[in-house]
Amino acid sequence: MAVQTTSTRSTRTDSREGGRKRYVGFLIRGRLFKRGELIHYLNRLTRRGEPSPWLSYFEGEKGIVRCTNNNRDTIVSILQRANDEKGDILITPLITSGSIKKVKSVLSRYE
């Protein structure tokens, strides 16, 4: 008799967003932004056909952008593109996690 095994790993994806949620924590050095200014700045850096970054959390020089596991690399490249456009702004992605709590705990180490 053959034993049927099942994987305990979840294969569920959120079809509305095209994948599992990921949170990218980053630091901004240089110019200080207000929340709305940063949203507009990141949207201007987004090229046609790319997913727009969704700012989930922003305080001072720290922020968290929400994305999916499928478009994480694109979102990180958008954050890094800010460094190329203006020399006075440096955005450094620090951590990617599936938990916003984990990202906030890492960001809390930076003051």
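Start counting the sequence shown at 133; every next residue gets the next number (our numbering).
Glycine included, C-beta positions come from ideal geometry on N, C-alpha and C.
What do you get for residue i, buried or exposed, if any count of 16 or more other CB atoms within 10 angstroms of its CB means buried?
| i | result |
| --- | --- |
| Arg154 | buried |
| Leu164 | exposed |
Ordered along the chain, which non-local residues of its own chain (more than five positions away) have a Cβ less than 8 Å from that of residue i?
| i | result |
| --- | --- |
| Ile171 | Leu187 |
| Gln212 | Ile223, Pro225 |
| Leu177 | Ile210, Arg213, Ala214, Glu217 |
Tell me which same chain residues have a C-beta within less than 6 Å of the C-beta of residue i, skipping the five on either side of it?
| i | result |
| --- | --- |
| Asn202 | Gly150, Gly151 |
Measuring alpha carbon to alpha carbon, tell me which residue in the options is nearest residue i.
| i | options | result |
| --- | --- | --- |
| Gly162 | Glu193, Arg179, Arg180 | Glu193 |
| Ile196 | Val156, Arg241, Asn215 | Val156 |
| Cys199 | Arg241, Leu159, Ser231, Lys166 | Ser231 |
| Tyr242 | Ile221, Arg180, Glu191, Ser229 | Glu191 |
Does DSSP put residue i in a helix, in a strand, or in coil?
| i | result |
| --- | --- |
| Thr224 | strand |
| Ser231 | coil |
| Ser209 | helix |
Tell me which same chain residues have a C-beta within less than 7 Å of the C-beta of residue i, skipping the five on either side of it?
| i | result |
| --- | --- |
| Tyr175 | Before going on, a small fix: residue 175 reads as Asn here, not Tyr. Hits under 7 Å: Ser184. |
Does chain D have any CB closer than 8 Å to the CB of residue i?
| i | result |
| --- | --- |
| Thr224 | Given the protein chain composition of this structure (a single chain), no chain D is represented. |
Would the stretch 235-243 count as touching the stretch 200-211 if we require 3 or more Cβ pairs under 8 Å?
no
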